[in-house]
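Note that this note's numbering has the sequence shown beginning at -19, numbered continuously upward. For each residue, glycine too, the CB sits at the ideal point set by N, CA and C. In what follows, a structure is listed as structure tokens, so that the remarks can point back to it.
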Amino acid sequence: MIYRSKYGNKRIETPDGMFDSKAEYERWCELQLLQRIGSITDLKRQVKFVLIDKSEHGRELSYIADFTYQDGDEKVIEDVKSEATKTPLYRLKKRLVAERYGIDIKEVKR
């Protein structure tokens, strides 16, 4: 089944779950293959990273990564991005991930 989003991409439903775009699903398939051959390990989808904890000033602020995995000793956070999805809010969250977790988000362009 296909669903439209505000960025013009089509969300798709697969046996592996819902994906925000065909590009995101294709990247998931590539990463699964890399894991099967042993190039990466601990592949996960839709991993939540808390950026600011809930407090009396407001609710928790978090970032949901498209994918995370281990590449040797390095933890990788990956997001499938187009220019339209690089919003000011995304850029702020990208910075906060780097500040709080010490990991630069790897952007995969399609």
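{"Check": "Can you list, in chain order, the residues of its chain with a C-beta nearer than 6 angstroms to that of Val27? Leave out the 5 residues immediately preceding and following it.", "Outcome": "Ala45, Thr48"}
{"Check": "Pull up the distance between the alpha-carbon of Arg7 and that of Val60, whole angstroms please.", "Outcome": "8 angstroms"}
{"Check": "For Glu(-7), report the span of its alpha helix (DSSP H) as first-last.", "Outcome": "Counting along the chain, Glu(-7) falls outside any alpha helix (DSSP H), though it belongs to the beta strand (DSSP E) covering -10 to -6."}
{"Check": "If you draw a straight line from the C-alpha of Gln12 to the C-alpha of Gln50, how long is it?", "Outcome": "12 angstroms"}
{"Check": "Between Lys34, Lys24, Cys9, Arg39, which has its C-alpha nearest Val56's C-alpha?", "Outcome": "Lys24"}
{"Check": "Taking the CB atoms as reference points, tell me whether Glu106 and Glu87 lie closer together than 9 angstroms.", "Outcome": "Past the edges of the chain, shown from -19 to 90, lies residue 106, and the structure says nothing about it."}
{"Check": "With 16 as the cutoff for other CB atoms within 10 Å, does Glu4 come out buried or exposed?", "Outcome": "buried"}
{"Check": "What residues are listed by DSSP as bridge partners for Gly38?", "Outcome": "Ser35"}
{"Check": "When burial is assigned at 16 or more other CB atoms within 10 Å of the CB, is Ile17 buried or exposed?", "Outcome": "exposed"}
{"Check": "Output the distance between the C-alpha atoms of Ile83 and Val77, rounded to the nearest integer angstrom.", "Outcome": "6 angstroms"}
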